[in-house]
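J.:
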Amino acid sequence: MTLDGWIQIALFALVVVLLVKPFGGYMTRVFAGERTFLSPVLDPLERGIYRLSGVDARSDQGWLSYAVSMLLFNLVGFLGLYTLMRLQPVLPFNPAGQPAVEESLAFNTAMSFDTNTNWQSYVPEATMSYLVQMAGLTVQNFVSAATGIALAIALVRGFARRSARGIGNFWTDLTRCTLYILLPISIVVGLFFVWQGVPQNLGAYTEATTLEGARQVIAQGPVASQEAIKMLGTNGGGFFNANSAHPFENPSAITNFVQIVLIFSIGAALTNVFGRMVGDQRQGWAVLAVMGILWLGGVSVAYWAEAAGNPNIAALGVDANASPLQAGGNMEGKEVRYGIANSALFAVITTAASCGAVNSMHDSFTPLGGLVPLFNIQLGEIIVGGVGAGLYGMLLFAIIAVFIAGLMVGRTPEYLGKKIEAKEVKMALLAILVLPLSILGFTAIATVTAAGLAGPANAGPHGFSEILYAYTSGTGNNGSAFAGISANTLFYNTTIGLAMFIGRFLMIVPMVAIAGSLAAKKIVPASAGTFPTDGPLFVGLVVGVILIVGGLTFFPALALGPIVEHFAMLAGTLY
673 MTLDGWIQIA LFALVVVLLV KPFGGYMTRV FAGERTFLSP VLDPLERGIY
723 RLSGVDARSD QGWLSYAVSM LLFNLVGFLG LYTLMRLQPV LPFNPAGQPA
773 VEESLAFNTA MSFDTNTNWQ SYVPEATMSY LVQMAGLTVQ NFVSAATGIA
823 LAIALVRGFA RRSARGIGNF WTDLTRCTLY ILLPISIVVG LFFVWQGVPQ
873 NLGAYTEATT LEGARQVIAQ GPVASQEAIK MLGTNGGGFF NANSAHPFEN
923 PSAITNFVQI VLIFSIGAAL TNVFGRMVGD QRQGWAVLAV MGILWLGGVS
973 VAYWAEAAGN PNIAALGVDA NASPLQAGGN MEGKEVRYGI ANSALFAVIT
1023 TAASCGAVNS MHDSFTPLGG LVPLFNIQLG EIIVGGVGAG LYGMLLFAII
1073 AVFIAGLMVG RTPEYLGKKI EAKEVKMALL AILVLPLSIL GFTAIATVTA
1123 AGLAGPANAG PHGFSEILYA YTSGTGNNGS AFAGISANTL FYNTTIGLAM
1173 FIGRFLMIVP MVAIAGSLAA KKIVPASAGT FPTDGPLFVG LVVGVILIVG
1223 GLTFFPALAL GPIVEHFAML AGTLY
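Heads up: the sequence shown begins at 673 in this note's numbering, then just goes up one per residue.
#1: Please identify the residue among Leu-904, Ala-1185 and Tyr-698 whose C-alpha is closest to the C-alpha of Phe-709.
#2: Apart from the five residues just before and just after Val-804, which ones in its own chain have a Cβ nearer than 7 Å to its Cβ?
#3: In or out: Ile-1220 buried (at least 16 other Cβ within 10 Å) or exposed?
#4: For the stretch 1069-1078 and the stretch 919-933, state whether three or more C-beta atom pairs, one from each stretch, are separated by less than 8 Å.
#5: Which of the three DSSP states, helix, strand or coil, is assigned to Arg-1256?
#6: Look at the alpha carbon of Asn-1182 and the alpha carbon of Met-742, and state the distance between them as a whole number of angstroms.
#7: Leaving out the 5 sequence neighbours to the left and right, which residues in its chain are closer than 6 Å to Leu-1088 when beta-carbon positions are compared?
#8: Tell me the rounded alpha-carbon separation between Leu-851 and Tyr-722.
#9: Using C-beta distances below 7 Å, list every residue in its chain close to Ala-941, excluding the 5 sequence neighbours before and after it, in chain order.
#10: Tell me the DSSP secondary structure of Glu-1004 in three-state form.
#11: Of all the alpha helix (DSSP H) runs that stay within the bounds of the stretch 1119-1153, which reach a length of 4 or more residues?
#12: Look up Ser-1199 in the DSSP assignment and say whether it is helix, strand or coil.
#13: Under 8 Å by Cβ, that's how I've got Asn-873 and Pro-894 pegged, so tell me the actual separation to the nearest angstrom.
#14: If you run the structure through DSSP and keep just helix, strand and coil, what is Gln-1050?
#15: For Val-689, which residues of its own chain have a beta-carbon under 6 Å away from its beta-carbon, when the five flanking residues on both sides are left out?
#16: List the DSSP bridge partners of Tyr-1087.
#17: Contact defined as beta carbons within less than 8 Å: I believe Val-687 pairs with Ala-961. What is the distance between those atoms, to the nearest angstrom?
#18: So what does DSSP say about Gln-680, is it helix, strand or coil?
#19: For Gly-1000, which residues in the same chain have their Cβ closer than 6 Å to its Cβ, ignoring the five residues on either side in sequence?
#20: For Phe-684, which of Val-795, Ile-932 and Asp-1206 has the nearest alpha-carbon?
#21: Pull up the distance between the alpha-carbon of Glu-921 and that of Ile-1157, whole angstroms please.
#22: Using 10 angstroms around the beta-carbon of Ile-681, count the other beta-carbons present and answer buried if the total reaches 16, otherwise exposed.
#23: Determine the direct distance from the alpha carbon of Glu-899 to that of Ala-749, and round the result to whole angstroms.
#24: Helix, strand or coil for Ser-995 per DSSP?
#25: Comparing alpha-carbon positions, which option in Ser-801, Thr-1121, Gln-998 and Asp-715 lies nearest Thr-674?
#26: Thinking just about the alpha-carbon of each residue, which of Ala-914, Ala-1126, Ala-1198 and Thr-1023 is nearest to the one in Asn-1149?
#27: Around the C-beta of Thr-1115, are 16 or more other C-beta atoms found within 10 angstroms, so that it is buried, or is it exposed?
#28: When you compare only the Cα positions, how much space is there between Phe-1018 and Ile-1049?
#29: Which two residues bound the contiguous alpha helix (DSSP H) that contains Ala-917?
#30: Nearest CA to the CA of Gly-910: which residue from Leu-968, Leu-827, Asp-952 and Val-795?
#31: Are Ala-1191 and Ile-679 touching if we call contact CB-CB under 7 Å?
#32: Please specify which runs of the beta strand (DSSP E), each continuous and at least 3 residues long, are wholly inside the stretch 845-930, giving them in chain order.
#33: Here's the rule I'm using: 16 or more other beta-carbon atoms within 10 Å means buried, otherwise exposed. How should Gly-1057 be labelled?
#34: Looking at Val-1214 and Glu-1086, is the spacing between their C-beta atoms short of 7 Å?
#35: Compute the Euclidean distance between the alpha carbons of Leu-777 and Leu-1162, then round it to the nearest angstrom.
#36: From the DSSP output, which residues share a beta bridge with Ser-1032?
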């Protein structure tokens, strides 16, 4: 580890924290329907969308109506994207002549982008036409992100409202999020990426002759527009197979920095939206502090593990220390443009935030370095998390934390003036426990069937880690991978597709039910026995609950592969 690396990590954290309050204030005004600096331009467009779609922006939906609207919208998006991929060869904007996407791959990809996972078990530039990339994948990048944010706002309304029947209007929240937040930022960032050298065109792939006389096809296309929302919406699906390690997606150090800031920007700012909407911004800072502690712990371990490298190589007399002439540490699978610090930082950010974009190959990380991204996802993607999903996942853990605190002192638990009763706790546990059931179940099936064992490129513990990571990533709606696994098969396309569905929607429905239950409750005035939820004690309790309820749910069984790999590496029997 170097001072320069820690300065880069600290600079990233500083920029994100500085964005939290102004960005949070802006988003609060957007979802409250208040006037913003973009209102003169976007208000007429917003009203026009409501007229065309027949939506009454002032109507309030109960939790069940809100959830049904969300599910139907996502069903239509899934079917539309699946159809686009199957009809790809007869549709325009296909200069490379890409054929129809195979059925199981089309199912997996449609489910992937519909659930904000963006798992890609295919080579994008050799599989998808420009039309599918733009009208299918990029559109889903916008609406899946907007869906997650809308759901988080619905849960926050549950805490903020009293004796209310509704939690908002899904169609209004979706429209405002897309128009006022995602589109304007993506346009500006997309133009910035074009300036930095990211392609944005509809031309045919370029054929070139290399110095050795070989023929090379250089893929291009509408990359910048997809790249912007890919990072901002924590989607992660790349235009190219190498994702953000590809120079056309991430050409410079400044684009790399902008991308990682984009990944955290909305998720971190939503904690401030939470604080503002419940009338106490300290509540939002407390939630952000929990996220920050878990993130910093992950960065520290991953950076240390990758900077330390493989001791077996050092034992051979090879100098693995960082110096002005070499990066040192474990540089396998990493871009020399970014080095150890930015690779470890990107890996932790993308798995803490449910993004899944990568600028290095996680499959080539050291065992403990690779364990951090894996464990981040296994916690439920709550360390900032996916846009919206991180906040509502964290609030579910907060509900469990105050319930435990109430049991310890023998009084009915309260959070933000709302009594937390059996219904809320049961729904919160249901939403959280569905994740390990999916990960454990599918991993177990894959490790005892011929179709599952045919996927990993490695035998032994690392092969197990590749399978484990695939189902962890799918269930956690992350999308990154230990890419040594060959997942474009009927077995993996189907099972990972089902895991993505479970991880997204079987967590969302109980959460929306909690929002409806909380909104109907009265607010109880604070008393001398009320547990304060804006200070260090609460932050420590929530961190502990996450590590116990979340970590111990996963850790004993699911960390087996990386831990065995680590000791095997130390013993010199692996790597």
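A virtual CB, placed ideally from N, CA and C, is assigned to each residue, including glycine. Remember, it's a predicted structure, so these values are computed and weren't measured experimentally.
T.: This is what the structure gives:
#1: For the purposes of this step, residue 709 is identified with residue 37 of the sequence shown, where counting begins at 1. Checked all of Leu-904, Ala-1185 and Tyr-698; the closest Cα to Phe-709 is Tyr-698.
#2: Walking along the sequence shown from the start, residue 804 turns up at place 132. Excluding positions up to five away in sequence, the list reads Leu-756, Met-757 and Gln-760.
#3: Residue 1220 sits at position 548 when you count from the first residue of the sequence shown. Exposed is the call here.
#4: no
#5: What the structure shows of the chain is the stretch from 673 to 1247, and residue 1256 is not part of that stretch, so it cannot be assessed.
#6: By 1-based counting over the sequence shown, the position of residue 1182 is 510. By 1-based counting over the sequence shown, the position of residue 742 is 70. Just to set this straight, residue 1182 is Pro in the shown sequence, not Asn. Roughly 13 Å separates the two Cα atoms.
#7: By one-based count along the sequence shown, residue 1088 stands at place 416. Once the five neighbours on either side are set aside, the close Cβ partners of Leu-1088 are Phe-831 and Val-950.
#8: Counting from 1 along the sequence shown, the entry for residue 851 is found at position 179. Counting from 1 along the sequence shown, the entry for residue 722 is found at position 50. Their backbone Cα atoms lie some 12 Å apart in a straight line.
#9: Position 269 of the sequence shown, counted from the first residue, corresponds to residue 941. So the qualifying residues of the chain are Leu-691, Val-692, Phe-695, Gly-696 and Met-699.
#10: Start at 1 with the first residue of the sequence shown, and residue 1004 comes out as number 332. Reduced to three states, the DSSP call for Glu-1004 is coil.
#11: 1122-1125 and 1132-1147
#12: In the sequence shown, residue 1199 corresponds to position 527, counting from 1. Coil, per DSSP.
#13: Numbered from 1 along the sequence shown, position 201 holds the residue referred to as residue 873. Numbered from 1 along the sequence shown, position 222 holds the residue referred to as residue 894. With a Cβ gap of about 7 Å, Asn-873 and Pro-894 count as contacting.
#14: Position 378 of the sequence shown, counted from the first residue, corresponds to residue 1050. Correct three-state label for Gln-1050: helix.
#15: Start at 1 with the first residue of the sequence shown, and residue 689 comes out as number 17. Here the set comprises nothing.
#16: In the sequence shown, counting from the first residue as 1, residue 1087 sits at position 415. For Tyr-1087, which the question treats as bridged, DSSP gives the partners Lys-1090.
#17: One-based indexing of the sequence shown puts residue 687 at position 15. One-based indexing of the sequence shown puts residue 961 at position 289. Not a contact, Cβ separation roughly 17 Å.
#18: The residue given as residue 680 occupies position 8 in the sequence shown. Three-state result, Gln-680: helix.
#19: Position 328 of the sequence shown, counted from the start, is the residue given in the question as residue 1000. The answer, listed in chain order, is Ala-992, Asn-993 and Ala-994.
#20: In the sequence shown, residue 684 corresponds to position 12, counting from 1. If we check each option's Cα against that of Phe-684, Ile-932 comes out closest.
#21: Translated into the one-based positions of the sequence shown, residue 921 becomes position 249. Translated into the one-based positions of the sequence shown, residue 1157 becomes position 485. If you take the alpha carbons of Glu-921 and Ile-1157, they lie about 23 Å apart.
#22: Locating residue 681 in the sequence shown gives position 9, counting from the first residue. The residue is buried, with at least 16 neighbouring Cβ atoms inside 10 Å.
#23: If you number the sequence shown from 1, residue 749 lands on position 77. If you number the sequence shown from 1, residue 899 lands on position 227. It is Gly, not Ala, that sits at residue 749 in the sequence shown. Looking at the backbone, the Cα of Gly-749 and that of Glu-899 are separated by about 20 Å.
#24: Along the sequence shown, read from residue 1 onward, the residue named residue 995 stands at position 323. Correct three-state label for Ser-995: strand.
#25: Taking the sequence shown and counting its residues from 1, one reaches residue 674 at position 2. Residue Gln-998 is the option with its Cα nearest to Thr-674.
#26: Position 477 of the sequence shown, counted from the first residue, corresponds to residue 1149. Checking every option, the nearest Cα to that of Asn-1149 belongs to Thr-1023.
#27: For the purposes of this step, residue 1115 is taken as the residue at position 443 of the sequence shown. Answer is buried; the Cβ neighbour count reaches 16.
#28: Indexing the sequence shown from 1 puts residue 1018 at position 346. Indexing the sequence shown from 1 puts residue 1049 at position 377. The straight-line gap from Cα to Cα measures roughly 14 Å.
#29: Here residue 917 refers to the residue found at position 245 of the sequence shown. Counting along the chain, Ala-917 falls outside any alpha helix (DSSP H), and DSSP gives it neither H nor E.
#30: In the sequence shown, the residue the question calls residue 910 occupies position 238. Ranking Leu-968, Leu-827, Asp-952 and Val-795 by Cα distance to Gly-910 puts Val-795 first.
#31: What you label residue 1191 is simply residue 519 of the sequence shown in a count that begins at 1. What you label residue 679 is simply residue 7 of the sequence shown in a count that begins at 1. In this structure, Ile-679 does not lie closer than 7 Å to Ala-1191 by Cβ.
#32: For the stretch 845-930, the full-length beta strand (DSSP E) segments reaching 3 residues or more read 878-881 and 887-890 along the chain.
#33: Reading the sequence shown from its first residue, position 385 is the one you call residue 1057. Buried, by the Cβ-count rule.
#34: The sequence position of residue 1086 within the sequence shown is 414, counting from 1. The sequence position of residue 1214 within the sequence shown is 542, counting from 1. It is not a contact, given that the beta carbons lie outside the stated cut-off.
#35: Looking up residue 777 in the sequence shown gives position 105. Looking up residue 1162 in the sequence shown gives position 490. Their backbone Cα atoms lie some 8 Å apart in a straight line.
#36: Numbered from 1 along the sequence shown, position 360 holds the residue referred to as residue 1032. DSSP output for Ser-1032 lists Lys-1006 as bridge partner(s).
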